[in-house]
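These notes are about the structure you will find just below.
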Amino acid sequence: MSQTQEKYVGQSIDRVEDAALLTGSAMFSDHLPTRSGTLHAAILRSPHAHAEIAAIDVSRARAMPGVAAVLTGEDVKDISDPFLIVLRQPILQWALAVGKVRYVGEPVVVALATDRYRAEDALSAVEIAYRTLEPAVDPEAATEEGAPLVHEAVGSNIVSVRDFAYGDPDAAFAEADRVVKLKISYPRNSHTPLEGFVASVAYDAATESYDVQSNFQGPYSTHTVISKALRVSSSRLRMRTPAFSGGGFGVKVQVFPYIVLMGAASKIVGRPVKWVEDRLEHLSGAAAAPNRVISIEAAVKNDGTITGFRFDQLDDYGAFLRAPMPGPLYRMHGILTGAYDVKNLAVTNRLVLTNKCPSGMIRGFGGPQMYYAIERLVQRIAVELELDHYEVIRKNLVPAGVFPYRAAAGALLDSGDYPAALEKAEKEGKLAELRKRRDEARAEGRLYGIGFAAIVEPAQSNMGYLSNILPLEERRKNPKGGAVSNATVNIDPLGTVNVTADSIPQGQGHMTVLSQIVADNLGLKPGDIHVNLEHDTAKDAWSIATGNYSSRFTSSTAVAADRAAKKARAKLARIASQTLNVPADRLEFGNGKIYAADNPDNAVNLYRVAGSAHWTPGNLPDDMEPGIREIGSWSPPELEPPNDKDQINSSLTYGFVFDFCGVEIDRDTGAVKIDKYVTMHDSGTLLNPRLAEGQVHGAFAWAVGCALHEEFAYGEDGSFLNGTFADYLVPTAWEVPEPQIVHMETPSLVTPLGAKGVGEGNCMSTPVCIANAVCDALGIENVTLPLSPNKVSALIHGEERPPPDGAEAPSAAREVAGNVIAGAGEAFVKSPPGEVWAALLDPEKLASVIPGCHALERVDENDYRAEVSIGAGPVKGRFKANVRLSDLDPPNAATLTGALTGMLGLSEGSGRVTLAPKDGGTALSYDYRIEVSGTVAAVGGRMLEGAARALVRQFFERFATVLGGGEVAVADEAAPSWWTRLLAALGIGR
Amino acid sequence: MPQLNRDTRHAISFTLNGKPAQGHAEPRMLLSDFLVHELGLTSVHVGCEHGVCGACTVRIDGAVGRACLTFAVQVDGKKVDTVESLTPEEGGLNELQKSFRSNHGLQCGYCTPGILMSLSAYLEENPKPSEDELRDMLSGHLCRCTGYVNIVRAVMEHVGNAP
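Residue numbers (my numbering), protein chains in the order written: chain F, 1 to 990; chain S, 991 to 1153.
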């Protein structure tokens, strides 16, 4: 009888997660049961980028039906502390704004009610008086003398500066044949999981403890931040996470401020509290990858050899430095020389705060920004030296045969053969054919370019990397390094195998891979292994590194599970050795049996052996504990604290990714089409190749979004401009081509399973690869992402030129720049100018013509205050309006200046109306300019032009009606709105 | 359409996945909230609440609709199908679901039920779409995990149009 057990690790087995997900029975956080009496929270957020909170009146909101409480920053401040941060700087952040708001979307008030609808009703009755301040929006401007300060107590927007040098960069630059320089600016974006944050917290006054259910994804170093903020020991902060999460991508660590907020709220009201984030909240207030400005220089020889790099990095963390920030700058630190054998390196890292949403942990975590600078620069080196880009990459790669290789800044590259990987990609991806395709396209006059990018993909972060932000003497006091992961294999009395672990899955398929690993160790099938990855800090093993980030699973929790399974196997073998009368080291496991290696017929069922540890513990060897519940823990020894030379092995494993692509640019529209994309991955041993490819596909798709579509847009006043998925553009099936994936498997030398990370490589390589191809196609020095058609067509055609002589200039109505709308129009009223003028100055008449006006009172001779309900396109809601008439020229002209404030945000605008006698009536002409911010700007940007015109038109139509009829000819109809343009494009012109 | 009172919880009777279902909802309650929080369905996932992402897609009287853009009171007397309706009589997965599993057409699975509901309707109309047609249809759904490649493969294999 053959007992040889089939090995499951390395096979593309089906996922055990899928049946529940495909049939809808998997429970995501919003589906989890809550205690009866749970209150539902809604959060009122700042419409201003920077303002003092002068007063908050929640009295009307508190009195509304179903409302249990309405809390402000002062309430929260009483029972919680500011969030811990890595720097000793007075950057104080509570779960609700205290005294001042610092970004659009910052939580200011939380309402708790019997359901979410009533909680939101309550928010509409909250009145807040703000005194707006000049915001700091652009990171470079924010560093200048006299820039508005985000945190006055810090005294500067630059909150940390650190210089590093490795090798002898000055000598390298002095001896270089030439220095190639580039300045890049990487935009803000985020991976935006489809499921938003959920935080459900119950405070128990008897034990003074918090019970949290949330889709928090770790790292659990943040658990400490939460418990400190809530003023409890960590054992009194029970964190429970579900087995299913609707995508994480790093973003879901940033639910932590809301866990603190709901914890504080639950304690104050004495009831459980639940909050579910909506999409606008997520886009405006969850987190963004930090935008970064990098000036990078390379010292190069004429043959293309790079001898040194100099980085000057300015990373923009938004309004607060929240844990685990500034990870994006330091997580990549050890590997700042990328895939290249460059010994000399100089780095200046500056952290700047601005009035934007705080930055956070997002897939790629610093890699996209850093590699954008390095790989754009390498392309520039090739262009400036008139060398082939591919050859410049190849010449500078870390050579084969030198692994493990210590990179200049400390990364210990564990294994690889980069030149061989390049060759494999070149051959299998048919680079020569692609070059021919480019030549043919160019011969036809088409815009076609090829891009390359080579990157090293780090995985499993060293918990000590952030220490490098501290000076040596400070970090010596408390050296940090390592990364612990945990898994448990529990075999119950009937021999069923159960596995738990602290991987906090976000959809990657951890249950499946753990079942493969444990099955192989115990000679079982994956289907025999029951994996439960719900996690509970009150009952499961965890550590500060616990969580799902830095592509760590395959080299962390998977190893811990392997160790736990090996312990269980050793224990089973010892028990079986008594039964079979064979030494334990001569036993094999396979097909559910334990058997003698040299006599497979001498066998016993595994479940019987396991059962005996429960049923007859007295028969166990004397030193053996009863039952089988084995914990595997693992922290790789290579993850040491930074050394005295500031070198840090910032991650455990280092994979290699090499991409090339061909893009064609539509000369008329500026649209970038990815014609071919090849991505080569050496991620070590693949535990489940199909899942590994899935990670590549997912990272690639987001990277295509980053390259072509995705950016959080802010107005100059700091208003947030894309708060819906119709504004923040995420690639769909139509925009993401299928990349050709080439694999090479060089096992890692530092993890027992040989596996490296695979989830983030393309986030780092693909944006710059596409950018390189676009630069190649257009023959330009630099581009800034995302490469939207309007940006690219400006690169092709230059900025839009003024119309030729005699042609009419476009109407001012077309000026819709970000959050500014301007327009003009005309109307005719049958009454003469005198009567029209009188009506304009008559509060009652004015009230009757302002759309949606409830009450209008005159507060001064030419000042009015009104309440209006507006419903035009996206602009729906009740607003307070202040209107002032000025520059009066009776009865010829007047200027109206007004401000609208309401829950949806605010707008300020002014317009000039002129009256002229015409045919016994009055010809009115007007122009206006309106600036909007808050929710309206975030969700309605696309439609504001039309909404504003509709409102202005309504005003004059009603005006005409009140004054005995007339007609309104809105001149700016000549300049078609996006809607009429779209209709025209579809052939439905009107 | 009967007159509805905004402060009243109205009785709603409808057919959910072939079985009679009842509940109460204020007129403003979204169908997505109603299905999840009043009736306890775990298959309905809310991703954007403005109709773009498609995660909450269900079928109402056979037509594909976004549960987040529909009020619960609108389905009174109607037939609503969610992904549970795809389960074959003998249980388990239907053929399209099996193809999603074998092609790794899902990762976190949050968008999956909505995509399956759109596909169930689409494939009735167009049982053998080309890849371009399929990608065009799928562009009504956002997925942040898979890069769509394996979703396309799953469907193309299922309809017998795999390359």
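All C-beta atoms, glycine included, are put in the ideal place defined by N, C-alpha and C. Keep in mind it's a predicted model, so treat the numbers as computed, not measured.
So residue i and residue j are in contact, right, with Cβ under 8 Å, and what is the actual spacing, rounded?
| i | j | result |
| --- | --- | --- |
| F/I469 | F/P326 | 7 Å |
| F/I648 | F/N462 | 7 Å |
| F/V180 | F/A298 | 5 Å |
| F/L691 | F/G509 | 5 Å |
| F/V880 | F/G902 | Checking the sequence shown, residue 880 of chain F turns out to be Lys, not Val. Confirmed, Cβ separation roughly 6 Å. |
| F/I665 | F/A771 | With a Cβ gap of about 12 Å, F/I665 and F/A771 do not count as contacting. |
| F/G99 | F/R45 | F/G99 to F/R45, Cβ: 16 Å. No contact. |
| F/G247 | F/E195 | 6 Å |
| F/P324 | F/F83 | Going by Cβ atoms, the distance from F/P324 to F/F83 rounds to 11 Å, so no, they are not a contact pair. |
Please confirm whether residue i and residue j have their CB atoms less than 8 Å apart.
| i | j | result |
| --- | --- | --- |
| F/L639 | F/G464 | yes |
| F/Y864 | F/L846 | yes |
| F/S266 | F/Y203 | yes |
| S/L1020 | S/A1053 | no |
| F/S793 | F/G715 | no |
| F/P626 | F/A613 | yes |
| F/V497 | F/L522 | yes |
| F/R574 | F/A565 | no |
| F/L533 | F/S555 | no |
| F/A61 | F/L112 | no |
| F/K395 | F/T307 | no |
| F/G250 | F/Y549 | yes |
| F/E738 | F/V704 | no |
So which residues of chain F does residue i contact, with C-beta pairs closer than 9 Å?
| i | result |
| --- | --- |
| S/L1128 | T732, A733 and W734 |
| S/V1042 | R279, T724, F725, A726 and V730 |
| S/V1142 | A733 and E738 |
Just to make sure I have the definition right: I need the residues of chain S whose C-beta is within less than 8 Å of the C-beta of residue i. Which are they?
| i | result |
| --- | --- |
| F/P193 | C1098, Y1100 and R1134 |
| F/L691 | H1094 |
| F/G877 | Residues of chain S passing the Cβ test: none, with the nearest at roughly 15 Å. |
For residue i, return the contacting residues in chain F, with the cut-off set at a CB-CB distance below 7 Å.
| i | result |
| --- | --- |
| S/C1045 | Per the sequence presented here, residue 1045 of chain S reads as Ala, with Cys not at that position. Those are L194, listed as they occur along chain F. |
| S/R1125 | A733 and W734 |
| S/S1033 | G24 |
| S/P1103 | G24 |
Show which residues of chain S have a CB atom less than 9 Å away from the CB atom of residue i.
| i | result |
| --- | --- |
| F/Y117 | E1016, R1018, M1019 and D1023 |
| F/A701 | C1133, R1134, C1135, T1136, G1137, Y1138 and V1139 |
| F/G757 | Here the premise fails: no neighbours, minimum Cβ distance about 16 Å. |
Along chain S, in chain order, which residues have C-beta atoms closer than 7 Å to that of residue i?
| i | result |
| --- | --- |
| F/H697 | T1136, G1137, V1139 and N1140 |
| F/G694 | H1094, Q1097, T1136 and N1140 |
In chain F, which residues lie with their C-beta within 8 Å of the C-beta of residue i?
| i | result |
| --- | --- |
| S/E1039 | D278 and R279 |
| S/V1026 | D30 and H31 |
> Any chance the region 945 to 964 of chain F sits against the region 834 to 845 of chain F, with 3 or more Cβ pairs inside 8 Å?
Replying inline: yes
> Using a Cβ cut-off of 9 Å, which residues of the region 14 to 25 of chain F contact any Cβ in chain S, in chain order?
Replying inline: D14, R15, E17, D18, A19, A20, L21, L22, T23, G24 and S25
> Are at least three pairs of beta-carbons, each pair with one atom in the region 339 to 355 of chain F and one in the region 740 to 756 of chain F, less than 8 Å apart?
Replying inline: The way I'd put it, the region 339 to 355 of chain F doesn't touch the region 740 to 756 of chain F; fewer than three beta-carbon pairs between them come closer than 8 Å.
>> Short of 7 Å Cβ to Cβ, which residues in the region 1077 to 1098 of chain S face chain F?
In response: Against chain F - using a Cβ distance shorter than 7 Å - the residues of the region 1077 to 1098 of chain S are T1077, L1083, Q1087, F1090, R1091, S1092, H1094, L1096, Q1097 and C1098.
> Does the region 12 to 26 of chain F come close enough to the region 509 to 518 of chain F that 3 or more CB-CB pairs lie under 8 Å?
Replying inline: yes
> With contact counted as at least three CB pairs below 8 Å, one residue from each stretch, are the region 76 to 93 of chain F and the region 147 to 155 of chain F in contact?
Replying inline: yes
> Does the region 447 to 463 of chain F come within contact of the region 752 to 767 of chain F, defined as at least 3 CB pairs closer than 8 Å?
Replying inline: yes
> When Cβ atoms are compared, which residues of the region 26 to 37 of chain F fall closer than 7 Å to chain S?
Replying inline: A26, M27, F28, D30 and H31
> Do the region 355 to 363 of chain F and the region 159 to 168 of chain F meet, that is, are 3 or more Cβ pairs less than 8 Å apart?
Replying inline: no
> Quick one, which residues of the region 485 to 514 of chain F are near chain S if we go by CB-CB under 8 Å, in chain order?
Replying inline: Q506, G507, Q508 and G509
> Looking at chain S, which residues of the region 235 to 252 of chain F have a Cβ within less than 9 Å of any of its Cβ atoms?
Replying inline: F244, S245, G246, G247, G248 and F249
>> Contact between the region 934 to 953 of chain F and the region 823 to 835 of chain F is defined here as three or more beta-carbon pairs at a separation below 8 Å; is this criterion met?
In response: Yes, the region 934 to 953 of chain F touches the region 823 to 835 of chain F.
> Any contact of the region 697 to 704 of chain F with the region 1102 to 1112 of chain S, i.e. 3+ C-beta pairs under 8 Å?
Replying inline: no
> Are three or more beta carbon pairs between the region 289 to 298 of chain F and the region 176 to 193 of chain F nearer than 8 Å?
Replying inline: yes
>> So if I threshold CB-CB distances at 7 Å, which residues from the region 102 to 117 of chain F count as touching chain S?
In response: Y117
> At a cut of 8 Å, does the region 281 to 290 of chain F reach the region 712 to 726 of chain F through at least three beta carbon pairs?
Replying inline: Contact between the region 281 to 290 of chain F and the region 712 to 726 of chain F is present, because at least three Cβ pairs lie under 8 Å.
>> Can you pull out the residues from the region 1063 to 1078 of chain S whose beta carbon lies closer than 7 Å to at least one beta carbon of chain F?
In response: T1072, V1073, E1074 and T1077
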